[in-house]
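Chemist:
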Amino acid sequence: MIKIGIITASDKGSQGLREDLSSGVIREKTAEIGEVLKYLMVPDEKEALIGAMRDCMEAGVELLLTTGGTGFSKRDVTPEATLAVVERLTPGISEAMRAASMKITNRAMLSRAVAGITGNTLIVNLPGSPKACAECLDVILPALPHGLEILKGEAVECAR
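Take the sequence shown: its letters are residues 2 to 161, numbered as in the numbering used here.
#1: Please determine if the region 82–99 and the region 21–38 are in contact, where contact requires at least 3 C-beta pairs separated by less than 8 angstroms.
#2: Do E88 and L149 have their C-beta atoms within less than 8 angstroms of each other?
#3: Hey, S15 and M54 are a contact pair by Cβ (cut 8 angstroms); roughly how many whole angstroms apart?
#4: Helix, strand or coil: how does DSSP classify A53 here?
#5: Please check the pair C134 and L127, which I expect to be a contact at CB under 8 angstroms, by giving their CB distance rounded to whole angstroms.
#6: Could you check where the alpha helix (DSSP H) with I27 kicks off and where it finishes?
#7: For A184, does the three-state DSSP call read helix, strand or coil?
#8: By the DSSP assignment, the beta strand (DSSP E) with M42 in it spans what residues?
#9: Pairs of beta-carbons, one from the region 99–107 and one from the region 68–80, closer than 8 angstroms: are there three or more?
#10: According to DSSP, is R89 part of a helix, a strand, or is it coil?
#11: What three-state label does DSSP hand G154 in the structure shown?
#12: Given a cut-off of 8 angstroms on the beta-carbon distance, is the pair T119 and V86 in contact?
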């Protein structure tokens, strides 16, 4: 089972003014592949997000899924926080999410979501919308277990 962390970036949510629906979607969609070890809700602040990401990695999280903060608002800084933490980018993940989402809405091109690896942790930025979050997870989840096996050195033969 994959050790999962969830970080919700939301000013209103962190103040108790908005219910976090996207984290529930993430929990539901990932239940078959792993267990949520860590859940944090933080304001849309780069340093708070970086701290939350590091906290999850220190807890042993292998797949860290963020939700929210990937748009054009001046407060949307999740990609910048992620880029400050990751060592290697995994652009195919965010490209796949945007490509699939473009079939649903042309607003998908406005997503600034990124994905990358730090140590043995894969971090993926997901949209804040529960519907968009679910759609993106449907695209990437089938491939992630294999990617994480490779990352951890558990998959040695990847050729088909």
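The beta carbon of each residue, even a glycine, is placed where N, CA and C say it ideally should be.
Modeler: In this structure, then:
#1: no
#2: Numbered from 1 along the sequence shown, position 87 holds the residue referred to as residue 88. Numbered from 1 along the sequence shown, position 148 holds the residue referred to as residue 149. Taking 8 angstroms as the Cβ cut-off, E88 and L149 do not qualify as a contacting pair.
#3: The count along the sequence shown starts at 1 and reaches residue 15 at position 14. The count along the sequence shown starts at 1 and reaches residue 54 at position 53. Here S15 is actually not in contact with M54; their C-beta atoms are around 15 angstroms apart, not less than 8 angstroms.
#4: Residue mapping note: residue 53 aligns to position 52 of the sequence shown, counting from 1. Helix, per DSSP.
#5: Position 133 of the sequence shown, counting from 1, holds the residue named residue 134. Position 126 of the sequence shown, counting from 1, holds the residue named residue 127. So it is a contact: roughly 5 angstroms between Cβ atoms.
#6: Here residue 27 is taken as the residue at index 26 of the sequence shown, counted from 1. From DSSP, the alpha helix (DSSP H) with I27 extends over S23 to T31.
#7: For residue 184 there is no data in the structure shown, the boundaries of the chain being 2 and 161.
#8: Stepping through the sequence shown from its first residue, residue 42 is reached at position 41. G35 to V43 is the extent of the beta strand (DSSP E) around M42.
#9: no
#10: Taking the sequence shown and counting its residues from 1, the one referred to as residue 89 is at position 88. R89: strand per DSSP, three-state reduction.
#11: Sequence index remark: in the sequence shown, residue 154 carries index 153 (1-based). Annotated three-state conformation of G154 is coil, per DSSP.
#12: For the purposes of this step, residue 119 is taken as the residue at position 118 of the sequence shown. For the purposes of this step, residue 86 is taken as the residue at position 85 of the sequence shown. Contact flag set, yes.
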